[in-house]
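**Student:**
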Amino acid sequence: MAVVGPSRHSRVSMSSLLQTSGHQGAILAAAQPYYHPQHTHQSPTTPNQDVQPDRPIGYGAFGVVWAVTDPRDGRRVALKKLPNVFQSLVSSKRVLRELKMLCFFKHENVLSALDILQPPHLDFFQEIYVITELLQSDLHKIIVSPQHLFTDHIKVFLYQILRGLKYLHSARILHRDIKPGNLLVNSNCILKICDFGLARVEEPDQSRNMTQEVVTQYYRAPEILMGARHYSAAVDVWSVGCIFGELLGRRVLFQAQSPVQQLELITELLGTPSLGDMKYACEGARTHMLRRPAKLPSLSVLYTLSPQATHTAVHLLCQMLVFDPDKRITVADALAHPYLDEGRLRYHSCMCKCCYSLANGNRRFTLQFEPTASDVFDDEWERRLTSVMQVKEEMHTFIADHLNTSGRVPLCINPQSAAFKSFASSNVAHPAELPPSPHQWH
47 MAVVGPSRHS
57 RVSMSSLLQT
67 SGHQGAILAA
77 AQPYYHPQHT
87 HQSPTTPNQD
97 VQPDRPIGYG
107 AFGVVWAVTD
117 PRDGRRVALK
127 KLPNVFQSLV
137 SSKRVLRELK
147 MLCFFKHENV
157 LSALDILQPP
167 HLDFFQEIYV
177 ITELLQSDLH
187 KIIVSPQHLF
197 TDHIKVFLYQ
207 ILRGLKYLHS
217 ARILHRDIKP
227 GNLLVNSNCI
237 LKICDFGLAR
247 VEEPDQSRNM
257 TQEVVTQYYR
267 APEILMGARH
277 YSAAVDVWSV
287 GCIFGELLGR
297 RVLFQAQSPV
307 QQLELITELL
317 GTPSLGDMKY
327 ACEGARTHML
337 RRPAKLPSLS
347 VLYTLSPQAT
357 HTAVHLLCQM
367 LVFDPDKRIT
377 VADALAHPYL
387 DEGRLRYHSC
397 MCKCCYSLAN
407 GNRRFTLQFE
417 PTASDVFDDE
427 WERRLTSVMQ
437 VKEEMHTFIA
447 DHLNTSGRVP
457 LCINPQSAAF
467 KSFASSNVAH
477 PAELPPSPHQ
487 WH
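If you count the sequence shown from 1, position 159 lands on 205 in the numbering used here, and the numbers rise without skipping.
#1: Give a yes or no on whether the C-beta atoms belonging to PRO417 and HIS194 are separated by under 9 Å.
#2: Under three-state DSSP, which class holds LEU160?
#3: Per DSSP, which one or two residues make a beta bridge with ARG409?
#4: Would you call the region 347-358 in contact with the region 294-302, where contact means no fewer than 3 C-beta pairs closer than 8 Å?
#5: Bridge partners for THR115 per DSSP, in chain order?
#6: With a CB to CB cut of under 7 Å and the five nearest residues on each side skipped, what residues in its chain are close to ALA113?
#7: Would you please state the rounded distance, in angstroms, between the beta carbons of LYS438 and LEU168? I believe it to be under 8 Å.
#8: For the beta strand (DSSP E) containing TYR105, list its first residue and its last residue.
#9: Please say whether SER137 and VAL422 have beta carbons closer to each other than 9 Å?
#10: Could you give the distance in angstroms between the alpha-carbon of ILE177 and the alpha-carbon of ARG332?
#11: According to the Cβ coordinates, are PRO371 and TYR402 closer than 9 Å?
#12: State the DSSP-derived secondary structure class of SER183, mapped to helix, strand or coil.
#13: Can you look up LYS127 in the DSSP assignment and give me helix, strand or coil?
#14: Within 8 Å, do at least three Cβ pairs link the region 208-224 to the region 232-252?
#15: Assuming the contact rule is C-beta atoms closer than 8 Å, LEU386 and LEU204 should be a hit. Round their C-beta distance to whole Å, please.
#16: Out of curiosity, what's the CA-to-CA distance linking ASP425 and ARG143?
#17: Helix, strand or coil for ILE445 per DSSP?
#18: Please specify which runs of the beta strand (DSSP E), each continuous and at least 3 residues long, are wholly inside the region 174-228, giving them in chain order.
#19: Check whether the Cβ of CYS401 lies closer than 8 Å to any heavy atom of the ligand GTP, and answer yes or no.
#20: Name the DSSP beta bridge partners of ILE312, please?
#21: Check whether the region 387-396 and the region 184-194 touch, using three or more Cβ-Cβ pairs below 8 Å as the test.
#22: According to DSSP, ARG97 sits in a beta bridge with which residue or residues?
#23: Using a Cβ-Cβ cutoff of less than 8 Å, which residues in the same chain neighbour ASP23 once the five nearest sequence positions on both sides are dropped?
#24: Let me know the beta strand (DSSP E) ranges lying completely inside the region 325-406, each 3 residues or longer, listed in chain order.
#25: Apart from the five residues just before and just after ARG409, which ones in its own chain have a Cβ nearer than 7 Å to its Cβ?
#26: If we ignore side chains and look at the alpha-carbon of each, how far apart do GLN263 and TYR105 end up?
#27: Once DSSP output is grouped into helix, strand and coil, what is the label at LYS238?
#28: For ARG140 and LYS127, I'd like the C-alpha separation in whole angstroms.
#29: Around the Cβ of LEU145, are there at least 16 other Cβ atoms within 10 angstroms (buried) or fewer (exposed)?
#30: Have a look at SER278 and LEU381 and give me their C-alpha separation to the nearest angstrom.
#31: Mind checking who LEU230 pairs with in its DSSP beta bridge?
#32: Going by CA-CA distance only, name the one from THR197, ILE188 and ILE236 that's closest to LYS399.
#33: Quick one: using the 10 Å Cβ neighbour count with 16 as the cut-off for buried, is GLU329 buried or exposed?
#34: I believe GLY287 touches MET335 by the beta-carbon criterion, under 8 Å. Please report the beta-carbon distance rounded to the nearest angstrom.
#35: Which partner residues does VAL247 have in the DSSP bridge list?
As C-alpha cells, then:
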C-alpha cells in the first residue's frame, strides 16, 4: 500500500528581519524564551536540547512549516510558524481559533498540536510556533506523481478524508479549504487533514453573513461561487467530490481561470440548475445563470476519467457533486456508501490505531469505526474579545495553561543552528500566490 509522492519541499520567501548581527541579538534577547537564552544560568533547556530548524516543507497564506527534530525524544516533527499574528483583530482571532482547534482535535485523520513553544513576555509576543506530526507527503504530490494509484489506494484515501471530516463536522467545524495539498500522507498511506487557517464553527443563524474568501477555487462549491452569504458543511463535501474525481482521473476536475469560468465548467457537467437549486445564490448570480443557454447534464463523462471510475464509484461521486447543497450527500451517508466498504476494511485491518492484533493473530476491532467528537468546539470567546490586545492576552494565557498541563519540558529554538537565519526570515505566501477572490456579482 505504500504510496509516497515527492516530499513537501517548498520555497519560502525571505524578509529582512535579521539585517545585522546587532539587530539579531536584540531580537533574540527580546524574544526569549522562543530562542535559547545564551547568557543565563536559568534557561529551561540546554543548547543540545534546543529545536534546530532543518528545512522548509510548506508555506501558505498564514504560516510557514519547517521540519525539525524534537530533542526530547528524537522524533521528527513539523514546526509551524505563524508570524505577525496581531496585525488586526480579524487575523489575530483567526490564529487563536486555529490554535485552539489544533489543541482540541483528537482524531487519527486530523492533524493536531503535539506542543506549543513557550512564548516570550507579552510585550514581545508577536508570533506563534506549533509542533505537529510530520508526514512525508500530501495528496497533491501523490496525484501529480507518475506512481500508479490502485483502486485500493483511492478507496482508503477517500475513506480517511471522510472519516476525518465526520469528526470535524460533529464538532460543528467547517474546514472551508479541503484540497489535496491540505491532506497529508505518510509512507503507510495514513492521511491527516491539516491547515485550519480558514476553518470556523458552523453558523446556525442563516441571517448572519459568512465570508466568501474561502476554499481554493478549483474545489469551491457552486453556492460559494454564486455569492451565497450563508453556507453549511456541504461545502466541504463538494470539495471532497472534486478530490475524488481528481484521484480517479489524475487531473483537476474543474480547472478554470476565474470563478465565473469555474461555474461554467460545473454546469457543463451538471447541467443548468433550476431556480430551486440556486436558492442560496445571490440575485446577480441567478440572473447570470438564467441568461446563459440551458445545458443538459453530462454526468456520463465521469466514466471516462479512468477504468477505476466504476458504476459504484461514479454513483458516490455524483451524490457529492450536487448543485443544491441541501441535496448533496452528507459525510455520514457517504461513509455508508458501498464503495467505501473495502476502504474501511483495509484501514481497520492493518492501518489504524483504534484496532489492534491479538497474540493469536486475530484482530480486535473498535466498536466505533468513525468516531465523532466528544463535544462541539467552543467559539463563544470570539464574541467576548473585541480588541487585538484582548486576543493577545487570551492567546498568551491559553498557551501558558496548555504548557502547564502538558507536563513536558518546554522547547526553545537554537539560534546557532545552520538554518536559523532562513527560518527566522521565512514568511507567508505573496498575494499573487493566493487563490483568487470571489466574483463580484451585480
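All residues carry an ideal CB built from backbone N, CA and C; glycine is no exception.
**Tutor:** With the structure as the only source:
#1: Taking the first residue of the sequence shown as 1, we reach residue 417 at position 371. Taking the first residue of the sequence shown as 1, we reach residue 194 at position 148. Contact: no.
#2: For this step, residue 160 is matched to residue 114 along the sequence shown. Collapsing the DSSP output to three states places LEU160 in a strand.
#3: Here residue 409 corresponds to residue number 363 of the sequence shown, with the count starting at 1. Paired residue(s): SER403.
#4: Inter-segment contact for the region 347-358 and the region 294-302 is present: three or more beta-carbon pairs are separated by less than 8 Å.
#5: The count along the sequence shown starts at 1 and reaches residue 115 at position 69. DSSP output for THR115 lists ARG122 as bridge partner(s).
#6: Taking the sequence shown and counting its residues from 1, the one referred to as residue 113 is at position 67. Once the five neighbours on either side are set aside, the close Cβ partners of ALA113 are ASP100, ARG101, ILE103, ARG122, ALA124 and LEU180.
#7: Mapped onto the sequence shown, residue 438 falls at position 392. Mapped onto the sequence shown, residue 168 falls at position 122. With 8 Å as the limit, LYS438 and LEU168 qualify as a contact, their Cβ atoms being about 7 Å apart.
#8: Residue 105 sits at position 59 when you count from the first residue of the sequence shown. First-last of the beta strand (DSSP E) with TYR105: 101-105.
#9: As a position in the sequence shown, residue 422 is number 376, starting the count at 1. As a position in the sequence shown, residue 137 is number 91, starting the count at 1. SER137 sits away from VAL422, with the two beta carbons spaced by 9 Å or more.
#10: Residue mapping note: residue 177 aligns to position 131 of the sequence shown, counting from 1. Residue mapping note: residue 332 aligns to position 286 of the sequence shown, counting from 1. Using only the alpha carbons, I get a separation of about 45 Å.
#11: To locate residue 371, count along the sequence shown from 1; it is residue 325. To locate residue 402, count along the sequence shown from 1; it is residue 356. Contact: no.
#12: Along the sequence shown, one-based indexing puts residue 183 at 137. SER183 falls in the strand class under three-state DSSP.
#13: Looking up residue 127 in the sequence shown gives position 81. The answer is strand: DSSP assigns LYS127 an E or B state.
#14: The answer is yes - the region 208-224 touches the region 232-252, with three or more Cβ pairs under 8 Å.
#15: Residue 386 sits at position 340 when you count from the first residue of the sequence shown. Residue 204 sits at position 158 when you count from the first residue of the sequence shown. With a Cβ gap of about 7 Å, LEU386 and LEU204 count as contacting.
#16: For this step, residue 425 is matched to residue 379 along the sequence shown. For this step, residue 143 is matched to residue 97 along the sequence shown. Distance between the alpha carbons of ASP425 and ARG143 is about 8 Å.
#17: Counted from its first residue, the sequence shown places residue 445 at position 399. DSSP places ILE445 within a helical segment (H, G or I) once states are collapsed to three.
#18: The qualifying runs are 174-179.
#19: No copy of the ligand GTP occurs in the structure displayed, which carries no ligand at all.
#20: In the sequence shown, the residue the question calls residue 312 occupies position 266. According to DSSP, which records beta bridges pairwise, ILE312 is partnered with nothing at all.
#21: Output reads no: the region 184-194 does not touch the region 387-396.
#22: Taking the sequence shown and counting its residues from 1, one reaches residue 97 at position 51. The amino acid at residue 97 is misidentified as Arg; the sequence shows Val. According to DSSP, VAL97 bridges with ILE459.
#23: The structure shown does not extend to residue 23, since the chain is modelled only from 47 to 488, so the question has no answer here.
#24: Runs found: none.
#25: As a working note, residue 409 is residue 363 in the sequence shown. Cβ within range, chain order: SER395, CYS401 and SER403.
#26: Counting from one through the sequence shown, the residue named residue 263 turns up at place 217. Counting from one through the sequence shown, the residue named residue 105 turns up at place 59. Rounded to the nearest angstrom, the two C-alpha atoms are 18 Å apart.
#27: By one-based count along the sequence shown, residue 238 stands at place 192. The DSSP-derived three-state label of LYS238 is strand.
#28: Stepping through the sequence shown from its first residue, residue 140 is reached at position 94. Stepping through the sequence shown from its first residue, residue 127 is reached at position 81. Note on geometry: alpha-carbon atoms of ARG140 and LYS127 lie some 14 Å from one another.
#29: Position 99 of the sequence shown, counted from the start, is the residue given in the question as residue 145. Counting the other Cβ atoms within 10 Å of the Cβ of LEU145 gives 16 or more, which makes it buried.
#30: Position 232 of the sequence shown, counting from 1, holds the residue named residue 278. Position 335 of the sequence shown, counting from 1, holds the residue named residue 381. A straight line joining the alpha-carbon of SER278 with that of LEU381 spans about 18 Å.
#31: As a working mapping, residue 230 is identified with position 184 in the sequence shown. Within the DSSP bridge table, the entry for LEU230 names ASP184 and LYS238 as partners.
#32: Along the sequence shown, one-based indexing puts residue 399 at 353. Restricting attention to THR197, ILE188 and ILE236, the CA atom closest to the CA of LYS399 is found in ILE236.
#33: As a working mapping, residue 329 is identified with position 283 in the sequence shown. Exposed.
#34: As a first step, residue 287 is located in the sequence shown; it is residue number 241 there, counting from the start. As a first step, residue 335 is located in the sequence shown; it is residue number 289 there, counting from the start. Actually they do not touch by this definition, with Cβ atoms about 20 Å apart.
#35: Working through the sequence shown from its first residue, we reach residue 247 at position 201. ILE219, per the DSSP bridge assignment.
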